[in-house]
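Structure first, then comments.
In mature numbering (1 follows the signal peptide of the UniProt record, and there is no 0), the protein residues as written are -19 to -1, 1 to 417.
Below you can see the structure in the form of structure tokens.
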């Protein structure tokens, strides 16, 4: 096994940076974790332990905000030979439909499905060997046209043979046949008062999917395989499922787009039962503009999760202990001094990303051109890393011990085998309609 790390990144440049990251299996002992922070001027490689920017990768040509009509995924090969040497080169460009917005990696199929928002279609890229686009323009709409929508696909849902796609202008969910790579059906839920669908999250515990209806005041709990609405919950927000499927946490915020004033900020938590009904837990107010969420296991424990929630209008990160919340104990605390994000002028895609890996949680503070490093073992601020200009997204990478570098061409020619993949999305365009 080679002792270097190969990182393959795909970018789209209209409003988002999307990445396919593939790496060789790494040894546990002796590895070092660094964080890639995608900023406006460079990709910054941050060492969390020492609270320093270790190196940068120039971002010229990587992404151009506000550029329209982009229909390519450009793949960069980055080989880490040591903690200080970085080689980056374009190795492949894959043509897609216009405005490729999201990437979905389906490991049981060894495929990446690329969701293009220009007409709500999907392209399929085979990643089992060399990158190869096998299908294009698979529809996920009633009529072609601009969309905001997302897909849920899981090996547990109909044996991984069907994906479900939301569309903010269509009153239901589109079904895609993941095996034949074709459109399958449309599940209309307009009878529930749902005239468009948006964010969704799947619980692996009760096998239900929680669907946010666009510009509505409720979330639907659904059994997608039976096309059945289980319950309509009288709150809205972007749902997140905990890794064990025991909790659905929905984040909601409302902002005046003219003044950038925060109007409302709420968190709702559903407790999932494997065989019984779902219940709504009393949740403390988090009135500071909830933005993004990252789950992590409770420090020093084998079970139980905390939810780290970033805030747009505060230099704090909220920490919600889900086990304490479930038992009725005080569950909310804050990590202070983490810097601010830029909120003026208003951008619908404005958010504060979080990324947890091992001991560390990293979150860019774009207004301060810095990055907050949280030690999750103590749930305290480890320090701020200055000099990271307008960080927009974060990815953790485990580096193996330094050894002799291999030939870069081996990776570029697709001769290396990989056994892992992640996807990354970074919002850049200020007019993408992510108002919540």
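Where is the CB? At the ideal position from N, CA and C, for every residue including glycine. Since we're looking at a predicted model, the values are computed, not measured.
Check: Would residue 325 be called buried (16 or more neighbouring beta carbons within 10 Å of its own) or exposed?; Outcome: exposed
Check: Assign residue 156 to buried or exposed, taking buried as 16 or more other Cβ atoms, counted over all protein chains shown, within 10 Å of its Cβ.; Outcome: buried
Check: Could you tell me the distance, in whole angstroms, from the CA atom of residue 299 to the CA atom of residue 116?; Outcome: 42 Å
Check: Which residue marks the beginning of the beta strand (DSSP E) containing residue 193, and which one marks its end?; Outcome: 190 to 194
Check: Given that a residue counts as buried once 16 or more other Cβ atoms are within 10 Å of its Cβ, and exposed if not, what is residue 341?; Outcome: buried
Check: Can you give me the Cβ contacts of residue 317 inside the same chain, cut-off strictly under 6 Å, excluding the 5 residues immediately before and after it?; Outcome: 297
Check: Assign residue 282 to one of three DSSP states: helix, strand, or coil.; Outcome: coil
Check: Can the beta-carbon of residue 348 be found less than 9 Å from the beta-carbon of residue 323?; Outcome: yes
Check: For a quick check, are the C-beta atoms of residue 121 and residue 86 less than 9 Å apart?; Outcome: no
Check: Go through the stretch 316 to 362 residue by residue and report every complete run of the alpha helix (DSSP H) that reaches 4 residues or more, in order.; Outcome: none
Check: Just to confirm, are residue 291 and residue 243 a CB contact at a threshold of 9 Å?; Outcome: no
Check: Give me the Cβ distance between residue 192 and residue 147, rounded to the nearest whole Å; I'm assuming they're in contact under 8 Å.; Outcome: 7 Å
Check: Please state the DSSP three-state secondary structure of residue 114.; Outcome: strand
Check: Give the single residue among 313, 238 and 275 whose Cα lies nearest to the Cα of residue 268.; Outcome: 313
Check: Look at the alpha carbon of residue 287 and the alpha carbon of residue 332, and state the distance between them as a whole number of angstroms.; Outcome: 20 Å
Check: For residue 272, which three-state DSSP category applies?; Outcome: strand
Check: Straight-line CA distance for residue 200 to residue 182?; Outcome: 11 Å
Check: Can you confirm whether the stretch 161 to 176 touches the stretch 236 to 254 when touching is taken to mean that 3 or more C-beta pairs between the two stretches lie within less than 8 Å?; Outcome: no
Check: When the Cα atoms are used, what is the spatial distance from residue 216 to residue 20?; Outcome: 34 Å
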